[in-house]
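Structure record follows, encoded as structure tokens.
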Amino acid sequence: MSHGGSALTLRGLAKRFGDTVAVAGIDLDVPEGSFYGLLGPNGAGKTTTLSMAVGLLRPDAGQVKVLGVDMWADPVEAKRRLGALPDGVRLFDRLSGPELLAYTGLLRGMDPDTIDRRAAELLDVLDLTSAGRTLVVDYSAGMRKKIGLACALLHAPRLLVLDEPFEAVDPVSAALIRDILTRFVAGGGTVIFSSHVMEVVERLCSHVAILDRGVIRAEGTLDQVRGGRTLEETFVEVVGGRTATGEELSWL
Amino acid sequence: MAVTAGAGGRATAAGQAGGSPGPDRVRPVALRHFARLRLRITANGFRGRPYRVGLFVVGLLVGLFLSANGFLLFAVGAAVDRQTQLLIMALGGATLVVGSVLLPLVWFGIDDTLDPARFALLPISRGRLVCGLLVASALGVPAIAVLLATSGLLVPAARHGGPAGMAVQAIGVLLGLALCLAAGRAVTSALATVLRSRRARDLAWVVIALVAALVGPLQLLVVSAAAQADWDRVASVARVIGWTPLGAPYTVGLEMADGRPWAAAAKLAVTVVALAGLLWWWSRTLESAMTGATSAAPTRTRGAVGRATASLLPRALPWLRPTPGGAIVAREVRYLWRDAKRRSNMIMVVVIGLFLPVLMLGLGLTGGGTGAGPTVTVGRPDAATPLVVLLMMLFIGAFVASTLANQFGYDGTAYGTHLVVGVPGRVELRARAVAYSVYLLPLLLVVGAVVAVVRGSPTMLPAIWGVLLAAYGAGVAVNLVVSVVAAYPLPDTSNPFALGSGDAVAKSALALGALVLASAAAAPVAVTAAMLGRWSWLVLPVGAGYGLGLAALGVLVGGGLVDQRAPELLAAVTPGR
Chain L
1 MSHGGSALTL RGLAKRFGDT VAVAGIDLDV PEGSFYGLLG PNGAGKTTTL
51 SMAVGLLRPD AGQVKVLGVD MWADPVEAKR RLGALPDGVR LFDRLSGPEL
101 LAYTGLLRGM DPDTIDRRAA ELLDVLDLTS AGRTLVVDYS AGMRKKIGLA
151 CALLHAPRLL VLDEPFEAVD PVSAALIRDI LTRFVAGGGT VIFSSHVMEV
201 VERLCSHVAI LDRGVIRAEG TLDQVRGGRT LEETFVEVVG GRTATGEELS
251 WL
Chain C
1001 MAVTAGAGGR ATAAGQAGGS PGPDRVRPVA LRHFARLRLR ITANGFRGRP
1051 YRVGLFVVGL LVGLFLSANG FLLFAVGAAV DRQTQLLIMA LGGATLVVGS
1101 VLLPLVWFGI DDTLDPARFA LLPISRGRLV CGLLVASALG VPAIAVLLAT
1151 SGLLVPAARH GGPAGMAVQA IGVLLGLALC LAAGRAVTSA LATVLRSRRA
1201 RDLAWVVIAL VAALVGPLQL LVVSAAAQAD WDRVASVARV IGWTPLGAPY
1251 TVGLEMADGR PWAAAAKLAV TVVALAGLLW WWSRTLESAM TGATSAAPTR
1301 TRGAVGRATA SLLPRALPWL RPTPGGAIVA REVRYLWRDA KRRSNMIMVV
1351 VIGLFLPVLM LGLGLTGGGT GAGPTVTVGR PDAATPLVVL LMMLFIGAFV
1401 ASTLANQFGY DGTAYGTHLV VGVPGRVELR ARAVAYSVYL LPLLLVVGAV
1451 VAVVRGSPTM LPAIWGVLLA AYGAGVAVNL VVSVVAAYPL PDTSNPFALG
1501 SGDAVAKSAL ALGALVLASA AAAPVAVTAA MLGRWSWLVL PVGAGYGLGL
1551 AALGVLVGGG LVDQRAPELL AAVTPGR
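As they're listed, the protein sequences go chains L and C. Going by this note's numbering, the first residue of the first sequence is number 1, and it counts up by one from there. Going by this note's numbering, the first residue of the second sequence is number 1001, and it counts up by one from there.
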């Protein structure tokens, strides 16, 4: 099985909702062992793209390959290699943290002893053990992201697809998540995540792609994309932002 | 990941209050703003979704058909004598009011186009909000159907009471509609608050037990009353009902026709007071709905956790294996208990499953062994009564299975977890059917035993159980497929009775269709059972096998559908589409 060192390959991926084109044909290669940041303003199509990549949303056209396996032709095999943390999708939040981990592990057909061992370890590392039997619905936003990440990591995938893993997360939890992801990449895994927080992407990522209005505007290694400037300057230029003149909103 | 299409309808609608003269002067929110907001949301919901327009049209047609029947019934009052007229108006009106309270609880759910929680941040007084929501709810299909049906009252009022009578009755019709709407909202809102807290659910079970226990004495009362069938006495009951809010708004025309305007005025006053009381009650419970009191009851926290897998699989179900299927059964069993929406659905099914058969037996419709009540006989008398009992069991079995009809809607976007993992469709559906059966099968067996005992014919028990199991299996099969092809999102509110905007009637029609189909599929078993006579015990193994076979077929067909269209299923149950 050869997949040319690409952990996630998107080819001509497209999706439209009614008259709105959400994703207009995307080609993307996420190299194995890379820490890949998918940047874009709100509504750029990040969530739509990642939803199609993990099998939540059927693309109108195009192909997704996870470590060489076609997601929409052989979903079972592709999903086995992949861990995902979707955004805007609820967890089964009437379960407690340990129950949710056990549920995810059993759904994946894992051995119960392995699940118990890894769940205890993940809960410990992510500082969720103290939550005990609290239902996930009563967790804070940061805790929810952490338990979601634990579910994605439980079966030790080689590729992690994370949608907005740092949104609404407090600095302490964010540092913890960053640390775990860095270790995951150092151990040979691949991470692709979406964000619009430049500092996080600049600090973590080896590769970056900028998505705007359903099209990739720039991609490559971090240094290639920013070309000597800060990432934020590059981003605003590529996306084309608007700056306030100081005249408007005077009544404020 | 939010699989949303295009711009949200609510955002557009929020612009309704626009055009304010300036930031400093604030105009009060007129009631028409609520009405326009509701219409705009409904219209936006149709945009680019032809199937929704179709559902709406179906709902509209059903509503029109029912309201035409109601109109004729009320209008007939113009041609019959006063006493019959009183009976029709008082009892018909009371049925409408009681129905508008009970139906949302057990079957229809309540239209939640304007979710009170959305207004929490706006500076609107609670009184105005309640009035606004009431006006908005009057624009739905059920409300319009009730209005059309009750406007039949204007015909006798005009004929016997002249223009003045008609005018007073018109006020009565409008007040009656407001009463129906306010009653339905107030009760669902209050009950939602009650059923939400984890302690209250235990209370709910106690209430159910009490109601079930009360049914016994009640049925004796009804049977003896019906046996005497004294129309004068019934009319006097109707006269009393006519003075309660249940019948008052519908009988004012009659009072005018009899030349008693003071009585008409008093009845209108009774209605207004009741309406005000209901609105006040509603506004009390609205507070908790607005502040989203879902998190009001804290969960059991802390405590020893132990092994993760052991904590998921309930100890009460030792036969569950640590497999994907076992995990889904365990999760669903816990969810039926922990999730307010599933729980209220389940409680209502239990109430109906116990209540209906006992009530019907009590009314003597099925001809009790030695009872003095009226006996319905079809064809050969010796075969007919068991047949009616078995047909009723057929209905109960199929009805109970309809809890599965929107099982994916209850999951909402959490179903995405199964997609990310890739759960095979057959494993998915089989596990869900097993989880529901953990609760429903014992219920059915108890219902069957109660019916056999109440009817005084324990020898019929195997046949009754056989028919129940066959009908339940057929219901599971039909509803598993329905749950995949006709899933719809439930709004993300704290009201477990809330249904999405607009097409509540059509969704109910669909559920009714599933019920009829399932009953038809199991009907041969019931008919055979009635004909077998003393060999009827054979029906137990045959019915159980038949039901199991059909359920397996449903898993097979539905599972294939899940595999084919899982992403579309997720999109269908994602709220806000």
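All C-beta atoms in this analysis are idealised placements derived from N, C-alpha and C, irrespective of residue type, glycine included. Quick caveat, the model's predicted, so the values are computed rather than measured.
Where the beta strand (DSSP E) through residue i begins and ends
i: isoleucine 1124 of chain C; result: Here isoleucine 1124 of chain C belongs to no beta strand (DSSP E), and DSSP marks it neither H nor E.
i: threonine 20 of chain L; result: 20-31
i: glycine 83 of chain L; result: 82-85
i: threonine 1417 of chain C; result: Note, threonine 1417 of chain C: premise wrong, no beta strand (DSSP E); alpha helix (DSSP H) at 1416-1421.
i: alanine 218 of chain L; result: 215-221
Any chain C beta carbon closer than 8 Å to residue i
i: threonine 190 of chain L; result: no
i: methionine 1 of chain L; result: Residue confidence is low: methionine 1 of chain L scores 44 on pLDDT, short of 50, so the model does not pin down where it sits. Its coordinate-derived value is still stated next. Methionine 1 of chain L does not count as touching chain C.
i: aspartate 212 of chain L; result: no
i: alanine 209 of chain L; result: no
i: arginine 229 of chain L; result: no
i: alanine 102 of chain L; result: yes
Residues that DSSP places opposite residue i in a beta bridge
i: proline 1541 of chain C; result: None; proline 1541 of chain C has no bridge partner.
i: threonine 190 of chain L; result: L:Leu159
i: tyrosine 36 of chain L; result: L:Ile192 and L:His207
i: aspartate 1081 of chain C; result: Answer is none; aspartate 1081 of chain C lacks a bridge partner.
i: aspartate 212 of chain L; result: L:Val215
Residue i, enclosing alpha helix (DSSP H) - first and last residue
i: glycine 12 of chain L; result: Segment 6-17 is the beta strand (DSSP E) holding glycine 12 of chain L; no alpha helix (DSSP H) there.
i: glycine 142 of chain L; result: 141-153
i: aspartate 124 of chain L; result: 112-125
i: glutamate 237 of chain L; result: 231-239
i: glycine 1063 of chain C; result: 1050-1075
i: serine 1437 of chain C; result: 1425-1455
i: aspartate 1411 of chain C; result: 1407-1411
i: proline 1462 of chain C; result: 1461-1485
i: leucine 1387 of chain C; result: 1381-1401
i: phenylalanine 1046 of chain C; result: 1031-1046
i: glutamate 1332 of chain C; result: 1324-1338
i: leucine 1139 of chain C; result: Unbroken run through leucine 1139 of chain C: none, as it is neither H nor E.
i: alanine 1309 of chain C; result: With the sequence shown as reference, residue 1309 of chain C is identified as threonine, and alanine is not the correct amino acid for it. Segment 1308-1312, the alpha helix (DSSP H) holding threonine 1309 of chain C.
i: glutamate 1255 of chain C; result: 1248-1257
Test: residue i CB closer than 8 Å to a CB of chain L
i: valine 1421 of chain C; result: yes
i: threonine 1403 of chain C; result: no
i: arginine 1312 of chain C; result: Checking the displayed sequence, the identity of residue 1312 of chain C turns out to be leucine instead of arginine. Yes - at least one Cβ of chain L is within 8 Å of the one on leucine 1312 of chain C.
i: alanine 1296 of chain C; result: Unreliable placement is indicated for alanine 1296 of chain C, whose pLDDT of 42 sits below 50; the coordinate value is still reported in the next sentence. Taking Cβ atoms only, chain L never reaches closer than 8 Å to alanine 1296 of chain C, which makes this a no.
i: alanine 1293 of chain C; result: Residue confidence is low: alanine 1293 of chain C scores 47 on pLDDT, short of 50, so the model does not pin down where it sits. No coordinate-derived value is stated.
i: glycine 1559 of chain C; result: no
i: arginine 1432 of chain C; result: no
i: threonine 1042 of chain C; result: no
i: arginine 1302 of chain C; result: Only weak support is given to the placement of arginine 1302 of chain C: the predicted model assigns it a pLDDT of 48, under 50, and the value that follows is read from those uncertain coordinates. True, the Cβ-Cβ gap to chain L drops below 8 Å.
i: glutamate 1568 of chain C; result: yes
i: proline 950 of chain C; result: Chain C is shown only over 1001 to 1577; residue 950 of chain C falls outside these bounds and no answer can be derived.
i: arginine 1233 of chain C; result: no
i: histidine 1033 of chain C; result: no
i: alanine 1487 of chain C; result: no
i: glycine 1054 of chain C; result: no
i: arginine 1307 of chain C; result: yes
i: glycine 1326 of chain C; result: yes
i: glycine 1412 of chain C; result: yes
i: proline 1322 of chain C; result: yes
Near the ligand MN: residue i beta-carbon under 7 Å from a heavy atom
i: glycine 1176 of chain C; result: Of ligands this structure carries none, so the ligand MN is not represented either.
Practice task
Would you list, in chain order, the members of the stretch 86-98 of chain L that have their beta-carbon closer than 9 Å to a beta-carbon of chain C?
Solution key: Per Cβ criterion, the list reads Pro86, Asp87, Gly88, Val89, Arg90, Leu91, Phe92, Asp93, Arg94, Leu95, Ser96, Gly97 and Pro98.
Handout entry: Residues in the stretch 64-87 of chain L having any Cβ partner in chain D nearer than 7 Å
Key = Included in the structure are the protein chains L and C, with no chain D among them.
Handout entry: Residues of the stretch 1328-1347 of chain C whose Cβ lies closer than 8 Å to any Cβ of chain L, in chain order
Key = Within the stretch 1328-1347 of chain C, the qualifying residues are Ile1328, Ala1330, Arg1331, Arg1334, Tyr1335, Arg1338 and Asp1339.
Problem - Unbroken stretches of the alpha helix (DSSP H), 4 residues or longer, contained in the stretch 42-109 of chain L - result: DSSP runs (the alpha helix (DSSP H)) wholly in the stretch 42-109 of chain L: 46-54, 75-80 and 97-107.
Problem - In chain order, each alpha helix (DSSP H) run of at least 4 residues that lies wholly inside the stretch 1528-1572 of chain C - result: Counting whole runs of 4 or more residues, the stretch 1528-1572 of chain C contains no alpha helix (DSSP H) stretch at all.
Practice task
Would you list, in chain order, the members of the stretch 1-26 of chain L that have their beta-carbon closer than 7 Å to a beta-carbon of chain C?
Solution key: Those residues of the stretch 1-26 of chain L placed with their C-beta closer than 7 Å to a C-beta in chain C are Phe17, Gly18 and Thr20, ordered along the chain.
Exercise for the section: Pull out every residue of the stretch 33-57 of chain L whose Cβ sits closer than 7 Å to any Cβ of chain C, in chain order. Expected result: Cβ contacts with chain C come from Thr47, Leu50, Ser51, Val54, Gly55, Leu56 and Leu57.
Handout entry: chain C contacts from the stretch 108-119 of chain L (Cβ-Cβ distance under 7 Å)
Key = Here the close residues are Arg108, Gly109, Pro112, Ile115, Asp116 and Ala119.
Practice task
Give, in chain order, every residue of the stretch 1160-1171 of chain C whose Cβ lies closer than 7 Å to some Cβ of chain L.
Solution key: The residues in question: there are none.
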